[in-house]
Amino acid sequence: LLRDPRATWTKPAFTQVRRGNGANAFMGYSVRTERYRYTEWDEGRRGAEFYDYTYDPQEQHNLIGDPKYKQQVAEMKALLHEGRGLNRTQSETALIHGRNRAR
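Numbered according to my numbering, the sequence shown spans residues 541 to 643.
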């Protein structure tokens with residue numbers, strides 16, 4: 541994409557941003573597809589955001605509570621958690637970090 545911005549890309553993009561300072565700092569994690577963005581602030585404790593770029597490319601209207609988007613929000617939430625590894629079991633996480641290697 542850096543070499544050819546017009547290239548087709550179908551995979552989601554994941555981003556993170558830190559808000560606040562010191563003890564009040566918290567993270568926001570997002571997943572972005574061509575059409576949607578879903579963001580969780582502080583693991584969802586400080587809220588979530590959902591935008592539909594087809595109708596709102598400037599992210600002016602948070603649709604997180606709109607029942608019309610309930611299914612899309614659930615799918616994007618699952619995609620974010622999967623991308624961050626939050627859906628893994630302890631043994632899967634240990635394997636990824638090399639803790640279950642035969643010695």
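Glycine included, each C-beta is placed from N, C-alpha and C at the ideal position.
Quiz item: Which one or two residues does DSSP pair with aspartate 592 in a beta bridge?
Solution: Aspartate 592 pairs with Tyr576.
Inset, instruction - Keeping to the same chain, check which residues put their C-beta closer than 6 Å to that of glutamate 580; ignore five residues upstream and five downstream. - result: If we look at glutamate 580 and ignore the five residues flanking it on each side, its Cβ neighbours are Tyr569, Ala588.
Would you call the CB atoms of valine 557 and glycine 623 closer than 8 Å? no
Within its chain, find whatever has a CB closer than 7 Å to the CB of arginine 586; leave out the 5 residues flanking it on each side and keep chain order. Phe566
For glycine 568, which beta-bridge partners are listed by DSSP? Val557, Trp581
query = Which residues in the same chain have their Cβ closer than 7 Å to the Cβ of tryptophan 549, if we skip the five residues on either side of it in sequence?
reply = A distance below 7 Å between beta-carbons, with the five flanking residues on each side excluded, links tryptophan 549 to the following residues of its chain, in chain order: Leu541.
Rounded C-alpha distance that separates lysine 608 from threonine 594: A direct Cα-to-Cα measurement between lysine 608 and threonine 594 gives close to 15 Å.
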